[in-house]
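So the sequence lines, in the order shown, correspond to chains A and B.
Heads up: the first sequence begins at 686 in my numbering, then just goes up one per residue.
Heads up: the second sequence begins at 686 in my numbering, then just goes up one per residue.
Protein chains: 2
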Amino acid sequence: MSASRAAAGDPKADKRRLILDAAVRVFARQGFHACRVADIADEAGVAYGLVYHYFASKDEVLDTLFLERWNVMLQTIREVDARELPAREKLQEIASFIVDSYRHDPDLMKVIIVEVTRAANSFGQTHLGQIRQAYELIGEIVTAAQQEGAFKPEIDARFAAMAFYGAIEQMLTGWIFDLLPRGEEHYERAKWLVVETVCGGLERPGAEVPARADVPAPG
Amino acid sequence: MSASRAAAGDPKADKRRLILDAAVRVFARQGFHACRVADIADEAGVAYGLVYHYFASKDEVLDTLFLERWNVMLQTIREVDARELPAREKLQEIASFIVDSYRHDPDLMKVIIVEVTRAANSFGQTHLGQIRQAYELIGEIVTAAQQEGAFKPEIDARFAAMAFYGAIEQMLTGWIFDLLPRGEEHYERAKWLVVETVCGGLERPGAEVPARADVPAPG
DNA sequence: GTACGTTGACTGACTAGTCAATCTATTCAG
DNA sequence: CTGAATAGATTGACTAGTCAGTCAACGTAC
């Protein structure tokens, strides 16, 4: 995941990685459709043809970036789900992971959201299966919580999962396009907010609610 | 808004409208980038050049479609906000309007979401101001509710607005890409669900909650 | 006859992907 | 140790195709 592996001049640099990291920057800056393969090569400090030595097509560069990250996320969700935690805390962990992913590499998350996740027409189509898996995993957490009686049974779990994921993604979108204030304290607060908001509506009024984490201090 | 104004052969057809309606279908089917201007002209049963008689560019066709609809939505939100209603019902009206927009013309909403709203990199950039206005109007409803004491004050209104809008848009996305079940009863239920979920978390536990609408029957 | 609507072949600009040539690292026979 | 052979990495000029936008000509209503 690290983008700081090597500078362009480093002789030991793994050129494939160099190209991928450059592509993240170029895609984030110009968008996938608006940029040319030459821009990626230039950004990476590498010849045009080398991109085609490592990748079959421009598309494959984006595919690789998306899958690398998305699979890490799916893995994380599965691990969180396997742990013995109340549903609210599982969702908290997932929100945390996604927000931290943005904090760690905003360009990469911008590319994934703008060019893949929210572009199900063009690119997302290819990856609809992967994307769907995330929704399904979240939906399973909700279903389980409903069966335990922690969440209201009258809210369809699939819809709840979409609403939850959609709320998080929309906040990242807000940061990406300067519609929401950025910064450490906002990131931490957003993690709490999204869970508080969505779980607040999902939980059964009578259900035993675990002691909730403190409200992070306002910025 | 009506797409059924006239068949391609109708001599009285307003060609400009014919082109716009055809563009909705083509953009929805193939995506803005993947389709050619010739596809729009063919779909409208009109010569290639006529598209450029009515519109300065391919972009302007999409701009027109987006602005036509988005302005109706902004107007609706303003009208709802002006009415004397509890915040929850205002949000309910907004969710209703958006879901009904999808129900009424799914192709148009698909185009707006996929090509503009969620493509802030390319197209959305132009319309970021319009898009932002919607978030701000929703944010104002939340702020007012917090001042009245109906909503918790500790949740930033801008974030709450993004979460609310994001949840709705994600459900439309779910329908658009067959990730969620479609159909009248699901649409009605989704309107209720998103408000129940988000407002459930926003409302102050102690606050006087107006008698809420009945839960629509499950599908 | 004039103004506007309509046509569709054409052009000019652009770029993904190819490929033959060149470079570099490694190996190993002499 | 030498240097020739090999494989893989790297280069960038070039090709083949695409498509947005133009424009000169034609149609038609009044």
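C-beta: ideal position from N, C-alpha, C; glycine also.
Would you please verify whether the beta carbon of B:S807 is less than 7 angstroms from any beta carbon of chain A? yes
On a CA-only basis, which of B:K795, B:T828, B:A842 is nearest B:F712? Give me that one, please. B:K795
My parser needs the alpha helix (DSSP H) runs of 4 or more residues fully inside the segment 824-888 of chain A; what are they? 842-861, 869-887
Nearest chain B C-beta to A:G851 closer than 7 angstroms, yes or no? yes
Nearest to B:E888 by alpha carbon, out of B:L865, B:A830, B:A852? B:A830
C-beta neighbour in chain B for A:L776, strict 7 angstroms: no
List the residues of chain B whose Cβ lies closer than 8 angstroms to the Cβ of A:G716, in chain order. N806, S807
Look at the alpha carbon of A:N806 and the alpha carbon of B:R803, and state the distance between them as a whole number of angstroms. 11 angstroms
Locate the alpha helix (DSSP H) running through B:I783, then write down its first and last residues. 772-789
Alpha carbon to alpha carbon, how far is A:L822 from A:H718? 31 angstroms
Under the three-state reduction of DSSP, which class applies to A:H718: helix, strand or coil? coil
DSSP on A:R768, reduced to helix/strand/coil? coil
Short of 7 angstroms Cβ to Cβ, which residues in the segment 877-889 of chain A face chain B? L878, V879, E881, T882, V883, C884, G885, G886, L887
Say whether chain B places a C-beta atom closer than 7 angstroms to the C-beta of A:G824. no
Contact between the segment 772-782 of chain A and the segment 702-716 of chain A (3+ Cβ pairs under 8 angstroms): no
For B:F862, which residues in chain A fall below 8 angstroms Cβ to Cβ? A805, G809, L813
Check each candidate in A:A819, A:A772, A:Q815, A:I797 and name the one with the smallest Cα separation from A:F836. A:A772
Report the neighbours of B:L865 on chain A: residues whose CB is nearer than 7 angstroms to its CB, in chain order. R843, F844, M847
Skipping 5 residues on each side, what residues in its chain have a beta carbon closer than 8 angstroms to that of A:N756? Q815
Compare the C-alpha of B:V879 against each of B:Y850, B:L864, B:A729, B:V746 and name the closest. B:Y850
Could you check if A:D744 is buried or exposed, using at least 16 other CB atoms within 10 Å of its CB as the buried criterion? exposed
DSSP-derived helix/strand/coil call for B:G730: coil
Name the residue from B:I762, B:Y787, B:A848 whose alpha carbon lies nearest to the alpha carbon of B:G886. B:A848
I'd like to know whether the C-beta of A:A896 is nearer than 7 angstroms to at least one C-beta of chain B. Low per-residue confidence applies at A:A896: pLDDT is 47, beneath 50, and the placement is therefore not dependable enough to give any value.
Tell whether a beta-carbon distance below 7 angstroms holds between A:D766 and A:I826. yes
I'd like to know whether the C-beta of A:G834 is nearer than 7 angstroms to at least one C-beta of chain B. no
Can the beta-carbon of B:V746 be found closer than 7 angstroms to that of B:F740? yes
So what's A:D792 in DSSP terms, helix, strand or just coil? helix
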